[in-house]
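Written out below as C-alpha cells is the structure these notes cover.
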Amino acid sequence: MKVENLFYFTKYPLRILRKSILCCYIQCSIRSENDLFYTLNKQLEFSVFGWNWNALHDALSNFEDVKEKNIVIVHEKLNLQEKFLYEYILCLISATLLWKKYSHLHRFFQFFLI
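Going letter by letter, the sequence shown gives residues 5 to 118 in this note's numbering.
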C-alpha cells in the first residue's frame, strides 16, 4: 500500500465541495477541542460519538452506515492548540490509512486550504 496522498492542499475549496457528497468544513474560528468535536459530529452525523480522541478515531474509521461514497473534510485553517492539533492529525492519519487499506465502499479525503 502506498502512503502518498493522505492529505491534499488546495486554494479552491468550492471545486471540492461541488464534487463531494458528504462534506465537513472546519472553519478557522474553531480553536478548542470541544468546538472541533461538535463541528465534526454535527456535519458528519456520527451515529455514536463519545466526545474524546478515541471516540473521534472510531467515528472517523466507521462510515459503514453512510450511503455516500466520498467523505471529505475541508480545513480552512487549523487554529487548535498544539496538543489538540497533534491528536487531531493522528486521528486523521490513522483513519485515512484504514480507509485506504480496507474499504472499497468509501473514499475518505482530508483537504487543507493554502
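Where is the CB? At the ideal position from N, CA and C, for every residue including glycine.
Meets three-Cβ-pair contact criterion under 8 Å: the stretch 99 to 117 and the stretch 36 to 54: no
Rounded separation between residue 12 and residue 107 - CA only: 19 Å
Distance, residue 57 Cα to residue 112 Cα: 18 Å
Residue 28 and residue 61 closer than 7 Å at C-beta: no
Assigned secondary structure, residue 79 (DSSP; H/G/I helix, E/B strand, else coil): strand
Whole-angstrom C-beta distance between residue 59 and residue 53, which should lie under 8 Å: 6 Å
Close-in-space but distant-in-sequence residues of the same chain around residue 50 (CB under 8 Å, 5 per side omitted): 44, 63
Continuous beta strand (DSSP E) assignments of at least 3 residues falling wholly in the stretch 28 to 111: 74 to 79
First through last residue of the beta strand (DSSP E) which encompasses residue 16: No beta strand (DSSP E) contains residue 16, which DSSP labels as neither H nor E.
Contact under 7 Å by Cβ, residue 30 with residue 79: yes
For residue 26, the three-state DSSP class (helix, strand or coil): strand
Beta-bridge pairing of residue 117 - partner residues as DSSP gives them: 14
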